[in-house]
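Below: the structure, in structure tokens.
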Amino acid sequence: MKIMHRAITILGALVLLGGLSPVGLAQSEKTKQPKAQDFYRSGAQQAKQENYDAALKEFDQAIELNPNYGSAYVNRGYIRSTLGDKEGALADFNQAIELNPNDPTAYVNRGNLYYQGGNSQAALEDFNQAVTLKSDYAAAYLNRGFVHSSLGESQAALADFDQAVKHNSNYAEAYLNRAVIRAALGDRNAALDDLDRAVQLQPNYAEAYFNRGFVRAANGDQTGAVDDFTAAIRVRSSYAEAYGNRGFALVAMGQPQVAIADFNQAIQLQPNYAEAYKGRGDARAALGDQQGATSDYSQALEINPNYAVAYATRAKARSNAGDAQGALEDYTQALSMNASDDTAYTERGMNRKAAGDPDGAIEDYSQAIQINPGNADAYFQRGLLQLSQGNRQQALADMETAANLYLKLGQADGYRNVLAQLNQVR
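Just so you know, the sequence shown maps onto residues 1 to 426 in full-length UniProt numbering.
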């Protein structure tokens, strides 16, 4: 019997942009004494080179010479935020807005700061004000879309990312974020188009390769997924999630031994990476190492006690190792966390059957079928159990349904197994 593999993968984080104010710099006249604009210009240059401490000193000087220099407050606020001084950053953004209430950049930066502090509503209000002041402000739409996405407002987020791309067709981050939303809404082909565009615009965009790999894996293109995760790792060698997801793809391709090396690397880079332990457990289980698999699943659950899929996979490993009671406990725990997991019901049914509880097994198979009428395994297993209990007609009906489903799903082994049973019964 084949059980559907459910690899847990992680989408790359959406990109929340902040940035230096794009306000143009006035050309200062040549004088012996530097002017505020000179310090401003120097600070902007230092910031572009990521010399943030030096940039901060330059913006301090600009503001000291001109206390009404609004854009200097915006940029100093950005630098302070980058250096972890959130209170100082907020004070600067507030001052910039007081000096110039029509500066959309100040609202975008303050909105970012509000969001980072957990105040999504205040962030939305600032982004709304930014697009009111500047209706073609792509970065404001991008940031507002990010907040909508974090609140589960997918359609609003999609509309904002559409606007960001409309106003800046070369905005790689906007294409990435729109792809994430499109994939979540089930439009994977459109997501792939966006990710292709993001990579075209920014060839060293690790997150774009990562997300494209994720979508390709979801589409069943494991080879393409491995290529993309490899590209992400080439750009960023410390990308733990890329190693982890490449490991999942390799397991799906039947290369568990190679996958273990990726999971090991992911865990080395990120010791509390629960999904990597779960993935390594899958690889070890595929190699027949049920004890090692159980150990990895247990480690994943120690990191994340609410990891329902890890309970289900540990249950299977325990069952394969002969620990029927431990398996039953794990399946029950998994289902208490995710009552819609038809695969877990099917596997618990098999466990109950082996433990001498046929009624409990039939109950689980029936529940799996109710959740997913396309679960061929549940029909087949229920049919076998019905047959053993002398319920020939019910058994035939279940097996015929299972055969049709296996054929429809292209699962040749399952189809042949059912036909063999039917030939014995008829």
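We treat Cβ as the ideally placed atom computed from N, Cα and C, and that holds for glycine.
Between the CA atoms of residue j and residue i - distance to the nearest angstrom
i, j, result
"residue 144", "residue 134", "14 angstroms"
"residue 383", "residue 340", "22 angstroms"
"residue 424", "residue 293", "37 angstroms"
"residue 94", "residue 371", "53 angstroms"
"residue 398", "residue 417", "13 angstroms"
"residue 305", "residue 271", "16 angstroms"
"residue 139", "residue 147", "13 angstroms"
"residue 364", "residue 284", "27 angstroms"
"residue 390", "residue 358", "13 angstroms"
"residue 351", "residue 337", "19 angstroms"
"residue 308", "residue 316", "13 angstroms"
"residue 90", "residue 115", "12 angstroms"
"residue 87", "residue 361", "60 angstroms"
"residue 381", "residue 121", "51 angstroms"
"residue 407", "residue 226", "29 angstroms"
"residue 422", "residue 324", "29 angstroms"
"residue 180", "residue 216", "13 angstroms"
"residue 333", "residue 311", "7 angstroms"
"residue 101", "residue 132", "12 angstroms"
"residue 412", "residue 247", "26 angstroms"
Short CB-CB distance (under 9 angstroms) between residue i and chain B
i, result
"residue 123", "You won't find chain B in this structure, because it holds only one protein chain."
Proximity winner among the options, relative to residue i (alpha-carbon distances)
i, options, result
"residue 168", "338, 142, 190", "142"
"residue 426", "81, 400, 305", "400"
"residue 83", "55, 395, 316", "55"
"residue 241", "267, 414, 76", "267"
"residue 250", "296, 276, 356", "276"
"residue 117", "129, 85, 128", "85"
"residue 356", "129, 388, 368", "388"
"residue 254", "98, 223, 230, 321", "223"
"residue 346", "329, 322, 326, 376", "376"
Residue range of the unbroken alpha helix (DSSP H) whose run includes residue i
i, result
"residue 65", "52-65"
"residue 374", "Per DSSP, residue 374 belongs to no alpha helix (DSSP H) and is neither H nor E."
"residue 38", "36-48"
"residue 153", "Where residue 153 is concerned, there is no enclosing alpha helix (DSSP H), given that its DSSP letter is neither H nor E."
"residue 415", "412-425"
"residue 70", "70-82"
"residue 398", "392-409"
"residue 177", "172-184"
4 or more residues per run - each alpha helix (DSSP H) lying fully within the region 192-272: 206-218, 222-235, 240-252, 256-269
Complete runs of the alpha helix (DSSP H) confined to the region 271-303 [at least 4 residues]: 274-286, 290-303
Within the region 112-148, ranges of the alpha helix (DSSP H) (whole runs, at least 4 residues): 120-133
Any alpha helix (DSSP H) of 4 or more consecutive residues that is wholly inside the region 324-359: 324-337, 342-354
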